[in-house]
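Student: At position 334 of the sequence shown (counting the first as 1) the number is 1210 in the numbering used here, and the numbers step up by one without a gap.
Backbone N, C-alpha and C define an ideal beta-carbon position, used for all residues, glycine too.
If you're wondering where the values come from, they're calculated on a predicted model, not measured in any experiment.
This is the structure, below, for whatever I ask next.
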Amino acid sequence: MAGIDIEGLSTVYPNGVRAVDGLDLSVADGEFFALLGPSGCGKTTLLRTIAGLENASAGKVRIDSTDVTRLEPGKRGVAMVFQDYALFPHMTVSENITYPLKVRRAPVAQRDEAARRTSEELSLQGLLERRPGQLSGGQQQRVALARAIASEGKVLLLDEPLSNLDARLRLEARTFLKKLQRDLGITTVFVTHDQAEALALADKIAVMQSGKLRQLGSPREVFARPANTFVANFIGSTPMNLLDGTIEPEGVRLPGGSLPAATGSLPVGASVTVGVRPEYLTVSPSGPGLQGVVVVTENLGTISLVTVDCDGTLIGATVPEEDEPAPGTPVSLMAAAPRVLLYDKESGELLAQ
Ligand code: ADP
Ligand code: MG
């Protein structure tokens, strides 16, 4: 088992695209680590640079404390699962799984044992003699995982392994993957553009934008305390409210009223962007806070998202499904001070509070 340390890492493609731009991060031994960000932000490039499939233009990659920046892929001790699985179509499942061991000239007995063990771990018994074309998408995905695990790398790199599965299968595969990673205890870097997947699976999340790291933290931290408005916008199943506000002695002035906030040393009258998640706003028929009128409600299962017009600004809040107010109802919105985050209006960075 091993950790990964990335220091000042940049990967620039020959056409000049700086896909990874001065990145620093560490993945702890045994951690399930998610690289999260919108399409094109450099996730695949970062993973491929860790694996040695792309050359770092600057900086270092260390695996298990060894500098591997200039090592060829086969010598880094990494196992990678590609987004399209990259199975060999002419080989059987068993041959696919044991291919990396064959390349390393492992004895046949060791290869057979690896095929038997990983096919058990990944519920592929009975499929070992089939070819990839005779498997479902979910089965192909498990073969790709089995091949990576059988190669006994120190770290597992997964590039959007669930993105080719349909919604229902994807949820099952997600649970399966989490359990497998926990059972094996192998350091895993998992790429996804799906924030819900990252929140559900990861011990730690790195949120990327344009090749740069925008926040590193636990799922709880990136959800409850986004470090900037980019992360605030990107994380969460319901969009975080980002509102124009003005600092008051005990909080912030917003459309429709005021909310308490830890304003620290910010001067009264200063303009800020106020971030508050719909999940942290309570809706009552009347009371302190923001006054508004319900415009529309959306049922999200056990909760409803209520959109409230406060002085012409639309603000979202969630309520238990059974407490859903009817459109046209006057309501008050309130949040606890620690849930009301203040961001710099220009840079979008969280202001120290
Ligand atoms: P992600 O996996 O987050 O979608 P990528 O790492 O694939 O992002 O791409 C990051 C950036 O690098 C994008 O602007 C993409 O167009 C560019 N890019 C990716 N692969 C190459 C390549 N082989 N040559 C040139 N540019 C590339
Ligand atoms: Mg990608």
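(1) Mapping DSSP to helix, strand and coil, what is E1222?
(2) Which value, in whole angstroms, describes the spacing of the CA atoms of V1031 and P949?
(3) What did DSSP end up calling L1135 once you bin it into helix, strand or coil?
(4) Of all the options F1110, V1172, L977 and P965, which has the alpha carbon lying nearest to the alpha carbon of G953?
(5) At what residue ranges does the region 1089–1172 contain a whole run of the alpha helix (DSSP H), taking only runs of 4 or more?
(6) For the alpha helix (DSSP H) containing G1231, name the first residue and the last one.
(7) Cα-Cα, which of A878, G898 and Q1167 is closest to K1088?
(8) Considering D988, what are the terminal residues of the alpha helix (DSSP H) in which it resides?
(9) Got a sec: does the ligand ADP put a non-hydrogen atom nearer than 7 Å to the Cβ of N891?
(10) Hey, would you say the C-beta of E1036 is under 7 Å away from at least one heavy atom of the ligand MG?
(11) Consider the C-beta atom of S933 and the heavy atoms of the ligand ADP; say whether any pair is separated by less than 7 Å.
(12) Thinking C-beta only, is V1144 closer than 8 Å to I1123?
(13) State the CB to CB distance for the pair E1126 and P1136, rounded to an integer number of angstroms; the pair is presumed to be in contact (CB under 8 Å).
(14) Give the list of continuous beta strand (DSSP E) stretches no shorter than 3 residues that lie fully inside the region 1026–1079.
(15) Just to confirm my understanding: we take G906, look at its own chain, exclude 5 residues before and 5 after, and list those with CB closer than 8 Å. What are they?
(16) Use the C-beta contact count for S970: other C-beta atoms within 10 angstroms, 16 or more gives buried, fewer gives exposed.
(17) Tell me, please, whether the region 1161–1171 touches the region 1103–1115 by the rule of three or more beta-carbon pairs shorter than 8 Å.
(18) DSSP three-state label for L1217, please.
(19) Grab me the residues of V1067's own chain with a C-beta within less than 6 Å of its C-beta, minus the 5 sequence neighbours each way, in chain order.
(20) Whose CA, out of L1092, S915 and L1217, lies closest to the CA of P1154?
(21) Could you give the residue range of the beta strand (DSSP E) that holds T1183?
(22) Within its chain, find whatever has a CB closer than 6 Å to the CB of P1206; leave out the 5 residues flanking it on each side and keep chain order.
(23) One question on the structure: do G879 and A904 come within less than 8 Å of each other, judged by their Cβ atoms?
(24) Here's the rule I'm using: 16 or more other beta-carbon atoms within 10 Å means buried, otherwise exposed. How should Q1010 be labelled?
(25) Do V1159 and G1121 have their beta-carbon atoms positioned less than 8 Å apart in this structure?
(26) Since I believe T1194 is in contact with P1131 (beta carbons under 8 Å), could you give me their beta-carbon distance rounded to a whole number of angstroms?
(27) If I measure Cβ to Cβ from A1213 and keep anything under 6 Å in the same chain, skipping five residues before and after, which residues do I get?
(28) Give me the DSSP bridge partner(s) of R938.
(29) Out of G1093, N1040 and M956, state which residue places its alpha-carbon closest to the alpha-carbon of G1029.
(30) E948 by DSSP, collapsed to three states: which one?
(31) Tell me, to the nearest whole angstrom, how far the beta carbon of Y1219 is from that of T1105; I am working on the premise that it is less than 8 Å.
(32) Determine, for D1185, whether the minimum Cβ-Cβ distance to residues of chain C falls below 8 Å.
(33) In the DSSP assignment, the beta strand (DSSP E) including A1193 goes from what residue to what residue?
(34) Compare the beta carbon distance of S886 and S941 with 8 Å and say whether it is the shorter of the two.
(35) Per the DSSP calculation, P1201 is bridged to which residue(s)?
(36) With a 10 Å radius around its C-beta and 16 neighbouring C-beta atoms as the bar for buried, classify R981 as buried or exposed.
Tutor: Result, derived from the coordinates:
(1) coil
(2) 12 Å
(3) strand
(4) L977
(5) 1095–1100 and 1105–1110
(6) With the chain represented from 877 up to 1229, any question about residue 1231 goes unanswered, as that position is not in the structure.
(7) G898
(8) V984 to E997
(9) yes
(10) yes
(11) no
(12) yes
(13) 6 Å
(14) 1031–1035 and 1063–1068
(15) M877, G1061, I1062 and T1063
(16) buried
(17) no
(18) L1217: strand per DSSP, three-state reduction.
(19) L911, K919, L923, D1035 and E1036
(20) Minimum Cα distance to P1154 is reached at L1217.
(21) The continuous beta strand (DSSP E) containing T1183 extends over residues I1179 to C1186.
(22) V1169
(23) yes
(24) exposed
(25) Cβ atoms of G1121 and V1159: not closer than 8 Å.
(26) About 19 Å separates the beta carbons of P1131 and T1194, which is beyond the 8 Å limit, so they are not a contact pair.
(27) P1136, A1137 and A1138
(28) D881 and D943
(29) M956
(30) Coil at E948, not helix or strand.
(31) 5 Å
(32) This model lacks chain C altogether, as it is built from one protein chain only.
(33) T1189 to P1196
(34) no
(35) Partner(s): none; P1201 has no beta bridge.
(36) exposed
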